[in-house]
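Step one of this worksheet: look at the structure below.
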Amino acid sequence: MNREREWLKVPEVAEVLQIARSRAYELVGSGQIPSVRIGRSVRVSRRELDRWLEEQRYPEARRK
1 MNREREWLKV PEVAEVLQIA RSRAYELVGS GQIPSVRIGR SVRVSRRELD
51 RWLEEQRYPE ARRK
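Residue 11 in UniProt numbering is what sits at position 11 of the sequence shown, and the numbering runs on without skipping anything.
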C-alpha cells in the first residue's frame, strides 16, 4: 500500500512545505500550524495541513 500518511512529523511537514526544518518547528510551536502532542512526539494531520495551506493563499490566488 502506498498511500499518504495521515499524521506527519515536523521534519516531514518541512519537506512537504519546502521550508527549513527550524521554520516548520516555529510554525508548529506558535500554533500557526495545528498539531497534537503524543508523548514526546509532535504530529500534524495531513488534512489539517492541507486546510491550513488553503487558508494561506492570497485572495486573488483563491479565484483561479
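Ideal placement from N, C-alpha and C gives every residue a C-beta, glycine not left out. The structure displayed is predicted, hence computed values, not measured ones.
Range of the contiguous beta strand (DSSP E) that encloses residue i
i   : result
R43 : 41-45
Three-state class that DSSP yields for residue i in the structure shown
i   : result
R37 : strand
C-beta atoms of residue i and residue j nearer than 8 Å
i   : j   : result
R46 : L8  : yes
V13 : A24 : yes
Unbroken alpha helix (DSSP H) run spanning residue i, endpoints
i   : result
G29 : 21-29
E12 : 10-17
Counted within 10 angstroms of its Cβ, other Cβ atoms place residue i as buried (16 or more) or exposed
i   : result
L53 : exposed
N2  : Residue placement at N2 cannot be trusted, given a pLDDT of 40 that sits under 50; the coordinates are not used to answer.
Whole-angstrom distance between residue j and residue i, CA atom to CA atom
i   : j   : result
P59 : L27 : 21 Å
R43 : A20 : 17 Å
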